[in-house]
Amino acid sequence: MSEWGRDNLRCKENGFELLTLTAERSGKIRVVWLDPAGSGFTEYQIELSSSRFPSLAVLLPEIAWDEREIHDLFGWNPDGHPDPRPLVKNPRWPENFYPLQGMSGKPVWSDMEPDLPSIQVEGEGVTIMKVGPTHAGIIESGHFIFSLIGENVLHLDAHLFQNHRGVESFLEGKTIDEVPSLISRICAADTVSNQVNWSTAIEQMAGFNSPDQLNHQRILLLEAERVLSHLNDLAQIPAGVGFQVAHQYALAIKERWQRFLSDLYGHRFLFDTVRPGWAHSALGADLVSAVAQMRKEWFSWRQLVTDHNGFNNRMRGVGATPSDKVIRLGAQGVVARAAGKQFDARQSLKWYGGIFEGSVTRSSGDVQARFEIRMDELEASLMMMEKVASELGNCGADESRFVLPDELSGQIVTFTESPHGLNAHDISVVDGRVSRYHLRSGAFRNWPLLAQSVAGNAVADFPLINKSFELCYSCTDR
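Throughout the sequence shown, residue numbering follows the working numbering, covering 4 to 481 in sequence.
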């Protein structure tokens, strides 16, 4: 085993959380881990002498997608990777086109089917069923290839990245003032999380210590986003089994919450609410009132779904993810905590101290556990918002305290707990312009686990399992 492998495996064995594995055009590959106490980072890097680098994927399966993405975007080959198929690059791309290596001129796309090679089970009685990438619902693009025998799923091969947008390449060269509106719109579900990661990175580079008032405004926004996301996901799970009363009722509550957000913060999805040195403020009394109104409807809905035995029986035992697989694949967020993983990035953020009281967990790792975790987390978020808003009063953060230095430079990794889990950004700035911006969302970490959790279930269980994960396509297709 190489020193590169030993160092990173040691971090995993000691309970560290992977933040980012990223590459740079100069030929450097860098891994950053968060220690289990959340008190600091551990970083390792290697310099490439050729277009190849030693793969970590056999030792650390959670890194498999990161390495495949590096190959597709930079052209560097992970030696010894157990599944070297393209992840992002499809057959329409020019043969030697690697977007993050830089290019001259506009690429010429090939006129052919974009399907990537898939892994399928072969044998007597096995049926292959393909779903997507275009779906009947109003959702984004994902291509799912099922290997079935009868109604039972033997294997699922998930192909994401159908609408790869080149966000990381697009951000390169942007000034600090140009970035916030772009970061805000990468993903509507994790927009506040992304905005906070960018803003805190710039603040750290500038040596700015954000005051409690600013931190509390950001906590309010982060938790408001979590409530919105969980309401959406909780609405979709009953839809997966035809429980339309619960589905439509939850969507109505979600709509009212978005109207609160629009009234309080000026945007239904909370776009453009955070930037370096600033966060959109709302009156504490208005926030407390919004939370109180939400609770009136929320508890009625929770009682409806909790008391429905048929609904709960349908979720129980379906799409279970054992804790050892969750740990091995580096799963994050609700998905991981539903299988007993004791990690929530908020516990590692000092500015959440005294407000975040600890993660909610279950042990079964099935659809029901993921459903219950979201309900409990939504209520915890409402309590945090109420607590912070009551203490905050009606004062906003003082934007004048932050002064952006001329020709700011630095390299920072920042993270937050988004609705989808640990969300990390690895950001490099040179003379006031972005030189490299790498995003790694919780959804990216959880897609491989979703694919594995479907095997052994009936094909009719897939909509229910998929909705209980409710992963983001935009975070992946960035």
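Glycine residues also receive a C-beta, built at the ideal position from the N, C-alpha and C atoms. Here the structure is a predicted model, which means the values were calculated and not measured.
1) In this structure, does DSSP put S362 in helix, strand or coil?
2) Please give me, in chain order, every unbroken run of the beta strand (DSSP E) with length at least 3 that falls completely inside the segment 4 to 88.
3) On the DSSP letters alone, give me the boundaries of the beta strand (DSSP E) that M318 sits inside.
4) Assuming L62 and G140 are in contact, meaning their beta carbons sit under 8 Å apart, how far apart are those beta carbons, in whole angstroms?
5) Given that a residue counts as buried once 16 or more other Cβ atoms are within 10 Å of its Cβ, and exposed if not, what is L369?
6) Could you give the DSSP three-state label for T203: helix, strand or coil?
7) If the criterion is Cβ atoms closer than 8 Å, does the pair G322 and N460 meet it?
8) So T364 packs on Q345, CB below 8 Å; how close in whole Å?
9) Looking only at its chain, what residues have a beta carbon closer than 6 Å to the beta carbon of R443, apart from the 5 residues adjacent to it on each side?
10) Using a Cβ-Cβ distance cut-off of 8 Å, determine whether L264 contacts chain D.
11) If you follow the beta strand (DSSP E) that I430 is part of, which residue opens it and which one closes it?
12) Name, in chain order, the residues that DSSP records as bridge partners for A461.
13) Check whether the segment 77 to 95 and the segment 53 to 61 are in contact - that is, three or more C-beta pairs closer than 8 Å.
14) What did DSSP end up calling A161 once you bin it into helix, strand or coil?
15) For Q123 and Y101, I'd like the C-alpha separation in whole angstroms.
16) For a test of the three-state rule: what should DSSP assign to H441, helix, strand or coil?
17) Sort A255, V277, H219 and E380 by Cα distance to A204 and report the nearest one.
18) For the beta strand (DSSP E) holding G413, just list the boundary residues, first then last.
19) Report the three-state DSSP secondary structure of W112 (helix, strand or coil).
20) Beta-carbon within less than 8 Å of D215's beta-carbon, same chain only, minus the 5 sequence neighbours each way: which residues are those?
21) For the beta strand (DSSP E) holding T130, just list the boundary residues, first then last.
22) For R391, count neighbouring C-beta atoms within 10 Å of its own C-beta (all shown protein chains included) and say buried if the count is 16 or more, exposed if not.
23) In whole angstroms, what is the alpha-carbon distance linking V291 and L381?
24) Counting only the same chain and skipping the five closest in sequence on each side, list residues whose C-beta sits under 8 Å from that of S113.
25) Let me know if V17 comes out buried or exposed under the rule of 16 or more other beta-carbons within 10 Å of its beta-carbon.
26) Given a threshold of 16 other Cβ atoms within 10 Å of its Cβ, counted over all protein chains shown, does A25 qualify as buried or as exposed?
So, to answer that:
1) coil
2) 20 to 27, 31 to 37, 44 to 50, 55 to 57 and 80 to 82
3) Per DSSP, M318 belongs to no beta strand (DSSP E); it is in the alpha helix (DSSP H), N312 to M318.
4) At roughly 38 Å, the Cβ-Cβ gap does not stay under 8 Å, so L62 and G140 are not in contact.
5) Reading off the sequence, residue 369 comes out as Asp, not Leu. When all chains shown are included, D369 counts as buried.
6) helix
7) yes
8) Confirmed, about 6 Å.
9) Once the five neighbours on either side are set aside, the close Cβ partners of R443 are T23 and A427.
10) Any reference to chain D falls outside this structure, which holds one protein chain only.
11) Segment G424 to V433, the beta strand (DSSP E) holding I430.
12) N155
13) A contact exists between the segment 77 to 95 and the segment 53 to 61.
14) strand
15) 28 Å
16) strand
17) V277
18) G413 to S421
19) Secondary structure at W112: coil, using DSSP grouped into helix, strand and coil.
20) W354
21) V129 to V134
22) Residue 391 is actually Val in this sequence, not Arg. Its Cβ being crowded by 16 or more others within 10 Å, V391 is buried.
23) Straight-line spacing of the CA atoms in V291 and L381 works out to 15 Å.
24) P94, R95, W96 and P97
25) Before going further, note that residue 17 is Asn rather than Val in the sequence given. N17 should be labelled exposed.
26) Just to set this straight, residue 25 is Thr in the shown sequence, not Ala. Buried, since its Cβ has 16 or more Cβ neighbours within 10 Å.
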